[in-house]
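Engineer: Below: one structure in structure tokens.
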Amino acid sequence: MAQIVIQTESLDPEARVWLEERGYRVIAAPLGEVSADDRAAAVALVVRTYTQIDAAALATMPSVRVVGRAGVALDNIDIPACRARGVEVVHTPGANSSAVAEYVFALLFDVTRPRTFVHSGMDLGAWESTRADLLATRQLREMTMGVYGMGRVGQRVARIAQAIEMPVIYNDIREIPASERWGAEPVSRDELFARADVLTVHVDDRPANRGLVDAAAFGAMRPGVIFVSAARGLIVDAEAAAGFFRENPSAIGLFDVHDPEPFGDDYPLLGIDNVHLAPHIAAATTLAKRNMSWVVKDVDRVLRGESPEHRAP
-12 MAQIVIQTES
-2 LDPEARVWLE
8 ERGYRVIAAP
18 LGEVSADDRA
28 AAVALVVRTY
38 TQIDAAALAT
48 MPSVRVVGRA
58 GVALDNIDIP
68 ACRARGVEVV
78 HTPGANSSAV
88 AEYVFALLFD
98 VTRPRTFVHS
108 GMDLGAWEST
118 RADLLATRQL
128 REMTMGVYGM
138 GRVGQRVARI
148 AQAIEMPVIY
158 NDIREIPASE
168 RWGAEPVSRD
178 ELFARADVLT
188 VHVDDRPANR
198 GLVDAAAFGA
208 MRPGVIFVSA
218 ARGLIVDAEA
228 AAGFFRENPS
238 AIGLFDVHDP
248 EPFGDDYPLL
258 GIDNVHLAPH
268 IAAATTLAKR
278 NMSWVVKDVD
288 RVLRGESPEH
298 RAP
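Each residue of the sequence shown is one higher than the last, beginning at -12 in the numbering used here.
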């Protein structure tokens, strides 16, 4: 009988085909829609962002040996609960780093370089008026980029910023080798917040980082800062962020990730003119999705008794 792998969220179709070619029976459905018998028999789970794997979920799947997270962050997976049951957890660090870094700059260009496309002829007056209306008051090259968290995404952001000739400063709890800094200057957390004209957050989703960017952090930032949150929603205190952006109308908040997701009408960051909210799409490219989907290779390795390439820390 074929071993069952439950795929709870969308993956690149090739990943499912790859598993099936190796003899697995793949059930692609939200966990709550999978029958009790299939859950009990499943040997592996492949999840993305919104499937919560905790002790209660694992208790209904006694045969599961590995959980594959098609992505980087692991906040939706209770790793201690998995390890207590002998369940391996694997993920795909680096699979979407380039997509997220590109997205950070897409957001920055959106708010610093006003633009439009012309779809009909114009007379000289309208032409000149349109050009005047779209004059950018700031250029990224004039701003200091602050990177909070110099991991895979942070390093890519630093490389792009350096290419634009932005001065780059960063803070990380780890000592970053000079070869991985791309010329960025290490500074204290307080100095990072005080100096950055653009501050982009790329720390990881460990529990200790919940609410890491709090009222004190926002209070240390420049009143005209452009703040980008594209790591995990739990890192930023939304109430504190809302207070800061209301009090500092020249600042701009760009939030791709939120806590919770999706958020409701009571979300603190709604309705603030200088705050822009996106539906968690930083990694939403075909290539990034394909890269993340290949977590199935590590799932297969574990099921075959081999060591995975990317075991969860």
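Just so you know, even glycine gets a beta-carbon here, dropped at the ideal spot from N, CA and C.
(1) Going by beta carbon distance, what residues of the same chain come within less than 6 angstroms of V185, once the five residues before and after it are set aside?
(2) Report yes or no: do three or more beta-carbon pairs, one from the segment 48 to 66 and one from the segment 263 to 280, lie closer than 8 angstroms?
(3) Excluding five sequence neighbours on each side, which residues of the same chain lie with their C-beta closer than 7 angstroms to the C-beta of D65?
(4) Please identify the residue among V34, M137, D24, A207 whose C-alpha is closest to the C-alpha of R3.
(5) Just tell me which of A238, P255, G240, I239 has its CA closest to the CA of D246.
(6) Verify the contact flag: H106, CB atom, against every heavy atom of the ligand SAH, threshold strictly below 7 angstroms.
(7) If we ignore side chains and look at the alpha-carbon of each, how far apart do W114 and V105 end up?
(8) Going along the chain, which residues of its own chain have a beta-carbon closer than 6 angstroms to the beta-carbon of E172, five neighbours each way excluded?
(9) Would DSSP call R209 helix, strand or coil?
(10) Would you kindly work out how many angstroms separate the C-alpha atoms of V53 and Q(-6), rounded to a whole number?
(11) For R70 versus T47, is the C-beta spacing smaller than 8 angstroms?
(12) Using only CA atoms, which one of E1, Y37, I(-9) lies nearest to S22?
(13) Going by other Cβ atoms of all chains shown within 10 Å of its Cβ, with 16 needed for buried, is Q142 buried or exposed?
(14) If we call anything under 8 angstroms between Cβ atoms a contact, is A202 one with G220?
(15) State the beta-bridge partners of V91 as determined by DSSP.
(16) Checking 8 angstroms against the spacing of the C-beta atoms, do A215 and V91 come in under that value?
(17) Pull up the CB-CB distance for V134 and H189, whole angstroms please, since I reckon it's below 8 angstroms.
(18) Residues in its own chain within less than 8 angstroms of S175 by CB, not counting five upstream and five downstream?
(19) When burial is assigned at 16 or more other CB atoms within 10 Å of the CB, is R118 buried or exposed?
Structural biologist: Answer, in terms of the structure:
(1) For the purposes of this step, residue 185 is identified with residue 198 of the sequence shown, where counting begins at 1. Counting only Cβ-Cβ distances below 6 angstroms, and skipping sequence neighbours, we find M130, M132, I213.
(2) Segments in contact, yes.
(3) Against the sequence shown, residue 65 aligns to sequence position 78. Excluding residues within five positions, the ones whose Cβ falls inside 7 angstroms are I40, D41, A42.
(4) Residue numbering aside, residue 3 sits at position 16 when the sequence shown is read from its first letter. Residue V34 is the option with its Cα nearest to R3.
(5) As a first step, residue 246 must be located in the sequence shown, where it is residue number 259. Looking at the Cα atoms, P255 is the closest of the given residues.
(6) In the structure on display, the ligand SAH does not appear, and there are no ligands present to speak of.
(7) The sequence position of residue 114 within the sequence shown is 127, counting from 1. The sequence position of residue 105 within the sequence shown is 118, counting from 1. Spanning the alpha carbons of W114 and V105 requires a straight line of approximately 10 angstroms.
(8) Position 185 of the sequence shown, counting from 1, holds the residue named residue 172. The answer, listed in chain order, is I156.
(9) Here residue 209 corresponds to residue number 222 of the sequence shown, with the count starting at 1. DSSP, read as helix, strand or coil, puts R209 in coil.
(10) Stepping through the sequence shown from its first residue, residue 53 is reached at position 66. Stepping through the sequence shown from its first residue, residue -6 is reached at position 7. Their Cα atoms are separated by approximately 12 angstroms.
(11) Taking the sequence shown and counting its residues from 1, the one referred to as residue 70 is at position 83. Taking the sequence shown and counting its residues from 1, the one referred to as residue 47 is at position 60. Taking C-beta atoms as the reference points, R70 and T47 fail to come closer than 8 angstroms.
(12) Walking along the sequence shown from the start, residue 22 turns up at place 35. Minimum Cα distance to S22 is reached at I(-9).
(13) Here residue 142 is taken as the residue at index 155 of the sequence shown, counted from 1. So Q142 counts as buried.
(14) Here residue 202 refers to the residue found at position 215 when the sequence shown is read from its first residue. Here residue 220 refers to the residue found at position 233 when the sequence shown is read from its first residue. No, the Cβ-Cβ distance between A202 and G220 is not below 8 angstroms.
(15) Indexing the sequence shown from 1 puts residue 91 at position 104. Per DSSP, V91 has no beta bridge partner at all.
(16) Here residue 215 corresponds to residue number 228 of the sequence shown, with the count starting at 1. Here residue 91 corresponds to residue number 104 of the sequence shown, with the count starting at 1. Note that residue 215 is Val in the sequence shown here, rather than Ala. Using a Cβ distance threshold of 8 angstroms, V215 and V91 count as a contacting pair.
(17) As a first step, residue 134 is located in the sequence shown; it is residue number 147 there, counting from the start. As a first step, residue 189 is located in the sequence shown; it is residue number 202 there, counting from the start. The C-beta distance from V134 to H189 rounds to 6 angstroms, short enough to fall under 8 angstroms.
(18) Along the sequence shown, read from residue 1 onward, the residue named residue 175 stands at position 188. Hits under 8 angstroms: N158.
(19) Taking the first residue of the sequence shown as position 1, residue 118 is located at position 131. By the neighbour-count criterion, in which a residue is buried when 16 or more other Cβ atoms sit within 10 angstroms of its Cβ, R118 is exposed.
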